[in-house]
Amino acid sequence: MDIRVERTRTSLQQALLALAQERPLDDITIASIVERAGVNRSSFYQHYSDKDTLLADALDAAEADAGASVPTLDGPLPLEPPSDLVAYLRHFETNAALYRLVLGQRGSSVAAARLRSRLEIAARDGVVASGSTAFDGLPLDVVGAGIAGSAIAVIETWLAREPRPSVETAAGWVWRVLIGPGLRS
Numbered sequence: 010m011d012i013r014v015e016r017t018r019t020s021l022q023q024a025l026l027a028l029a030q031e032r033p034l035d036d037i038t039i040a041s042i043v044e045r046a047g048v049n050r051s052s053f054y055q056h057y058s059d060k061d062t063l064l065a066d067a068l069d070a071a072e073a074d075a076g077a078s079v080p081t082l083d084g085p086l087p088l089e090p091p092s093d094l095v096a097y098l099r100h101f102e103t104n105a106a107l108y109r110l111v112l113g114q115r116g117s118s119v120a121a122a123r124l125r126s127r128l129e130i131a132a133r134d135g136v137v138a139s140g141s142t143a144f145d146g147l148p149l150d151v152v153g154a155g156i157a158g159s160a161i162a163v164i165e166t167w168l169a170r171e172p173r174p175s176v177e178t179a180a181g182w183v184w185r186v187l188i189g190p191g192l193r194s
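The sequence shown stops at residue 194 when you use the working numbering, and every number in between is there.
Have a look at this one:
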């Protein structure tokens, strides 16, 4: 990718994330984003069709910059949450205010859909890698959707709590909800 394109996209993403720390998503306009980014409005539309797509890209970049990635499994289900799940949830905790907005009722459907898709893929791969028979007879895409939906619901509920429990507690909650069916004999 052209370095100027990358620089403009990064500026727009960082501007949106900074503004989201200051005010609700609904109050952030394209005009305020381009002003903060130091680019003109036409530059915004050369790179993004709307604010939701920019937000989804900004969260993807923030996740990558933080080194956070959807946890993967390569064997049987451990009883305790994997360390990469704890690391992944740290990214959510760092950006808790923004994720509360994104995952809330008036959030970003584009950003939430991307998150759900990443979790669905990881869930399907994890079920296969674990060798679990808990979901035998169910289509793998249904299992992936159910696991991803459950994980997102637990994360959203955790982020909404005041005071918010620790990342380790949240990882334990997510893990227990996800592997519960896998523990049956």
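Backbone N, C-alpha and C fix where the C-beta goes; we use that ideal spot for every residue, glycine too.
- Under a Cβ-count criterion, where at least 16 other Cβ atoms within 10 Å of its own Cβ denotes burial, should Pro90 be classed as buried or exposed? buried
- Query: CA-CA distance, Tyr57 and Ile161?
  - Reply: In this structure, the straight-line span from the alpha carbon of Tyr57 to that of Ile161 is close to 26 Å.
- Query: Going by the CB atoms, is the gap between Ala138 and Leu68 shorter than 7 Å?
  - Reply: no
- Item | Arg199 versus Val176 - alpha carbon distance | Outside the shown range of the chain (10 to 194) lies residue 199, about which nothing can therefore be said.
- Message: DSSP three-state label for Asp11, please.
- Response: coil
- Query: Quick one: is Gly146 buried, meaning 16 or more other Cβ sit within 10 Å of its Cβ, or exposed?
  - Reply: So Gly146 ends up on the exposed side.
- Can you list the beta strand (DSSP E) stretches of 3 or more residues lying completely in the segment 54-95, in chain order? none
- Classification of Ser141 by the beta-carbon crowding that lies within 10 angstroms, buried from 16 upward: buried
- Task: Measure the CB-CB distance between Leu110 and Leu28 and report whether it falls below 7 Å.
- Result: no
- Who are the near neighbours of Asp59 in its chain, counting only those whose CB is closer than 6 Å to its CB and skipping five residues on each side? none
- Query: What's the call for Ile188, buried or exposed, on a 16-neighbour Cβ count within 10 Å?
  - Reply: buried
- Message: I need the DSSP call for Leu147, collapsed to helix, strand or coil.
- Response: coil
- Message: Tell me whether the segment 47-54 and the segment 102-120 touch, counting them as touching only if at least three CB pairs, one residue from each stretch, are closer than 8 Å.
- Response: no
- If you compare alpha carbons, which of Ala157, Ala71 and Ile42 is closest to Asp134? Ala157
- Query: To the nearest angstrom, how far is it from the Cα of Thr178 to the Cα of Arg16?
  - Reply: 38 Å
- Going by Cα to Cα distance, which pick from Val163, Glu171 and Arg173 is closest to Trp182? Val163
- Message: Given this structure, state the Cα-to-Cα distance separating Ser159 from Val186, to the nearest angstrom.
- Response: 7 Å
- Item | Cα-Cα separation between Ser194 and Ala132, rounded to whole angstroms | Reliability of the predicted coordinates at Ser194 is poor, the pLDDT of 42 falling under 50, and the value obtained from them is presented with this limitation in mind. Between Ser194 and Ala132, the C-alpha separation is close to 20 Å.
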